[in-house]
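Residue numbers (the numbering used here): 617 to 1545.
Next up, the structure:
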């Protein structure tokens, strides 16, 4: 459905907001971040990430201004049949919505695989689509969310009366409209075309069925004990048995007018949309002491609410059942809705159904913005869709798309996305964009930018007076190049394309355009075209990529393939199955057709029934055909007696037991014998070919057979790579690793991983020599042993703050209650230039990877905001140093190196840091030298 309204409201442009918050945002909250993005005029998307004492929460909030004439909210449901369950993204895409969340609960239909029907009343565009008269009949349990034609929102427990009225003035109660009967159809049920194309029809279960067919309000046929009939497009079928069937026969005849009446707690004729949830979470600003219906436990959640004015709609999802978001109890959800500004709110279907989709700013592509707990999108019954009904207008603004970092004297393609006065996407002719840069030197060729000096600059795009700007960081030459592959196996004739990322001295990264790099190959085993290699000859070698003095290498082994036949179908080798079960068909060894030998495998199928995907399988005996090692492709001969619309596929199981589906062909438009191929190159360690099958994916009826013969495997044996022949990557030295020039204000710090209780005389001697050496240095102001930090503390030395963190439990949160809040305070309250952080365990070893990422992100954010130097030190089994987005990380082993003896004692190192104001440098030193 599409909506069009002519009135528009031009509002001020809202910027994309990115906000960090720290400390007790709510009780138990350690950290909260929030992003806010415009979806369209009157609609914004907020993403809230909370790190709490109990774990993580991921919350998504759609805010809809119901007073905005350019916004429309309606129910989403499958347009072909309310029985067809569909995921939220597909519902939103097919309807043209700009955002949506899942809505009502649903019930599975017995006897119809994968189908269901919505729970409670459902209205769309002012019409009832599904409702029953028993719902909430005896108590107020499940509430309905509704919006009327003036955009007023209601949260009510609907009790609905449905009646049919005969010409003689009599009436009868209808129990359900577009739902299955709960009473074996001895009640009265009405199905419209929104339910199905066909009526119920007579069956062994319902031999006495009466169906009254109504078209445009007039009875066109009364059917007794007859098969299903097509339901009129503008009509419905009244279904009954027993006494209610007799009522239909006694009070209606062909040509009679029929009326259906609906009545409920609201004047439904003014209602535009309605979906049914469960409990009212918030009523007039208060959370009920007891919910009308409670889903206990901590789960993913979906809710809808409105502000006190009733004109701000708040649609919310909370992810759950995953490390990144634990979920909420129903009462926690109610409190969340209150905190988000809801004065009234309702609980909707949650768990694996919880889904939100939204259109990223200035695009037409819907994206799933939450992380559904099922690992994919669940098919559901109803959703709440948000639509833009604004008329198209001219270009009002643009968003520049580019990498945030670009290396000096390399190139990067830049583009713009446009939006109009209602924040809806507008196409922009990229050739019409005029580009400029300030703050750094640089040049443009079309929309390709080349920075010519390092630093932070501003790129500006202009089209017909409309401007947009973005910040870009131009990096000095990379210290290090990272190839997308370090080792590559290629079959002769196959190709592979590399990507390359550069890393500068401060740990800032950028992907580099292949044309800006120098590419070379050793030997003649591959040909090279920019970043693409094609295997031409069996053997080994390598690819080298270079920029400036940095080099990176990828070892390559090229193999030739050989064909091995593994199944010739001369004896029974499998069984037959179908999905759904009990479809007609068979599998047998047949002499009717053969490519070689006396027999082939005959797989027969019958896909005459059009509803849903159908498949007929040959299931190989003994767990499948063994693929052995190094299989890259399966090939077989197939005789297709007649063209058909089906696909031919296979199931392959890898060495870990994971199943993979591969295509032989999606086009069976040939007749006779043809060799087909299925590539296994994207499957790691394929082990068994378990099934071959014909599948109907298009709604076209077909039946027939295919004959299969000579299944063969293409195998590749890769020559072993001698790593001694592959050069090592060339990484430039760290500019901060140097001997500093000292002055009277210089400060030194020493970092060592020692032993509080030395285990032998060698460790004791090295400990002593370390302390004697560093304490003799008059510039030395702090000696830090990081081997066993068990408490958090801090110390200020000049303009430097030293922060010690307790990470004994491989976590800041779990190691000490309140430590995160303490740390954030010490981080933010320091007014000097340098911050040094010491901990026992590396962030990379934290038990919660999300906490480790949070720590790193906070440090980067703090550096970007303040410009301070931030260096982090931790215990490690070897000496390591790297930079990541401006933050320096050091792992030091000290006395904890493996196999320490007097012969390798010189390998024991400590880190000496020298601070001259804001300039910080370091050196690795030995206690024995």
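Beta carbons are placed, not taken as given, at the ideal position from N, Cα and C, and that holds for glycine.
Since we're looking at a predicted model, the values are computed, not measured.
Residues sharing a beta bridge with residue i, DSSP
i: residue 1353; result: 1538
i: residue 700; result: 731
i: residue 858; result: Residue 858 is not bridged to any residue.
i: residue 813; result: None, per the DSSP bridge assignment.
i: residue 1217; result: 1205, 1324
i: residue 1060; result: 1065
i: residue 1418; result: 1411, 1452
i: residue 1532; result: 1535
i: residue 899; result: 902
i: residue 839; result: 827
i: residue 1193; result: 1233
i: residue 1041; result: 1035
Sub-8 Å separation of residue i and residue j beta-carbons
i: residue 1223; j: residue 1303; result: no
i: residue 1389; j: residue 1543; result: yes
i: residue 647; j: residue 1470; result: yes
i: residue 1455; j: residue 1511; result: no
i: residue 986; j: residue 970; result: yes
i: residue 1003; j: residue 1331; result: no
i: residue 809; j: residue 848; result: yes
i: residue 1452; j: residue 1491; result: no
i: residue 1118; j: residue 1502; result: no
i: residue 1201; j: residue 1258; result: no
i: residue 989; j: residue 968; result: yes
i: residue 819; j: residue 827; result: no
i: residue 772; j: residue 882; result: yes
Length of the line joining the Cα atoms of residue i and residue j
i: residue 821; j: residue 697; result: 24 Å
i: residue 702; j: residue 910; result: 26 Å
i: residue 1325; j: residue 995; result: 39 Å
i: residue 973; j: residue 919; result: 14 Å
i: residue 645; j: residue 1363; result: 38 Å
i: residue 1539; j: residue 1103; result: 33 Å
i: residue 1534; j: residue 1411; result: 18 Å
i: residue 1541; j: residue 1497; result: 14 Å
i: residue 1307; j: residue 1265; result: 8 Å
i: residue 892; j: residue 1424; result: 49 Å
i: residue 1033; j: residue 654; result: 14 Å
i: residue 1514; j: residue 1458; result: 18 Å
i: residue 1285; j: residue 1110; result: 28 Å
i: residue 775; j: residue 753; result: 6 Å
i: residue 1530; j: residue 1092; result: 24 Å
i: residue 1276; j: residue 1328; result: 18 Å
i: residue 1196; j: residue 1142; result: 48 Å
i: residue 961; j: residue 1133; result: 57 Å
i: residue 611; j: residue 1249; result: Coverage of the chain is limited to positions 617 through 1545, which leaves residue 611 absent and any answer about it impossible.
Unbroken beta strand (DSSP E) run spanning residue i, endpoints
i: residue 1279; result: 1275–1281
i: residue 1004; result: 998–1004
i: residue 1078; result: 1071–1079
i: residue 1303; result: 1302–1312
i: residue 781; result: 777–781
i: residue 770; result: 769–772
i: residue 875; result: 875–879
i: residue 1047; result: Premise fails: residue 1047 is in no beta strand (DSSP E) and is neither H nor E.
i: residue 1546; result: Residue 1546 lies beyond the residue range present for the chain, which begins at 617 and ends at 1545; the question has no answer from this structure.
i: residue 1112; result: 1111–1113
i: residue 1026; result: Neither: residue 1026 is in no beta strand (DSSP E) and is coded neither H nor E.
i: residue 761; result: 760–764
i: residue 978; result: Run containing residue 978: none; DSSP gives neither H nor E here.
i: residue 1089; result: 1082–1091
Range of the contiguous alpha helix (DSSP H) that encloses residue i
i: residue 1395; result: Where residue 1395 is concerned, there is no enclosing alpha helix (DSSP H), given that its DSSP letter is neither H nor E.
i: residue 1209; result: First-last for residue 1209: undefined, no H or E at that position.
i: residue 955; result: 946–955
Interface flag, residue i vs chain D, CB-CB below 8 Å
i: residue 1015; result: You won't find chain D in this structure, because it holds only one protein chain.
Residue i beta carbon near the ligand GDP (any heavy atom closer than 7 Å)
i: residue 1031; result: In the structure shown, the ligand GDP is absent, as is every other ligand, since no ligand is present at all.
Worksheet item: Which ranges does the alpha helix (DSSP H) cover as unbroken runs of at least 4 residues, wholly within the region 1431–1516, from first to last along the chain?
Response: 1435–1445, 1465–1482
Item to complete: Only counting runs of 3 or more residues, tell me where the beta strand (DSSP E) segments fall wholly within the region 1231–1285, in order along the chain.
Response: 1247–1256, 1263–1270, 1275–1281
Practice prompt. Return the chain-ordered ranges of every alpha helix (DSSP H) run that is complete within the region 1114–1183 and spans a minimum of 4 residues.
Written response: Unbroken alpha helix (DSSP H) runs of no fewer than 4 residues, entirely contained in the region 1114–1183, are not found.
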